[in-house]
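Sequential numbering of the sequence shown, starting at 1, is according to UniProt numbering. By construction, the Cβ of each residue, glycine as well, lies at the ideal position given by its N, Cα and C atoms.
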Amino acid sequence: MRYRAQIFGGRGGGSGRGGGGWSDSEVGATPAKFMYNGAKRKTGGEDGYVKNSKYENGLHDIDGGKTTAEQFANQFKTREELDKVHNYLVDKNASVNAKIRQLKSADELRKNPKLYHEAKATREASNAVNDRRSKVAPVKAEKTVRKADDEYTSSRTSTYDRWYKRNRDNFAAYYFGSKGKK
């Protein structure tokens, strides 16, 4: 059993024993291997995203068992909010995968359970947000309805009318043969 030496919180840490940060519970060999191999096969991913404290707190709550990923996703009501959260989670997932790829093996990931739990919470939240996004319809732009022929005929020019008449006659001669119209 591990004990944390720091009992009182300081800058960047949680206050008290179990507060803040990613959980420190042990990771099994098989989940660590799956997580490591999955991160190896992803492309891209630098630590280039700007952290959002609201989203990070939600991910910590998922990891700590205070909320579920579905509850995290349900707090966002509009499609715009869900798209913003989705983009954030994609960037965070790429960053976490880059950190996992820097490790040499799945055993090293087992020794770093905070990184494992961060990746797991991020993926759970991302899946829940994607499910929620599919249920919330995007806002569609209004289509402009074109009025009947009035608008179209008033915008026609005499040049177009002459071209149309000439081509109509030429097509009729081609279609019906040299005899012309029947």
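query: Where T122 falls, given that 16 or more other Cβ within 10 Å makes a residue buried; result: buried
query: K135 versus S25, T78 and Y160, residue with shortest Cα-Cα distance; result: T78
query: Reduced DSSP category for S25 - H, G, I as helix; E, B as strand; rest coil; result: coil
query: Among Y175, K165, W163 and A39, the one whose alpha carbon lies nearest that of K104; result: A39
query: Span separating the alpha-carbon of D131 from that of V50; result: 24 Å
query: Check whether A69 and A125 have beta carbons under 7 Å apart; result: yes
query: Exposure label - A172; buried when at least 16 CB within 10 Å; result: exposed
query: Beta-carbon proximity list for K33, same chain, < 7 Å, skipping 5 on both sides; result: A106
query: Residue burial classification, E118 (beta-carbon count within 10 angstroms, cutoff 16); result: buried
query: CB contact flag (V129, V85, <7 Å); result: yes
query: Classification of Y88 by the beta-carbon crowding that lies within 10 angstroms, buried from 16 upward; result: buried
query: Cβ pair F76, I62 closer than 7 Å; result: no
query: Local conformation of N97 per DSSP, three classes; result: helix
query: Check whether Y36 and L109 have beta carbons under 7 Å apart; result: yes
query: Sequence-distant residues of the same chain with beta carbon closer than 8 Å to T67, five excluded per side; result: G58 and D61
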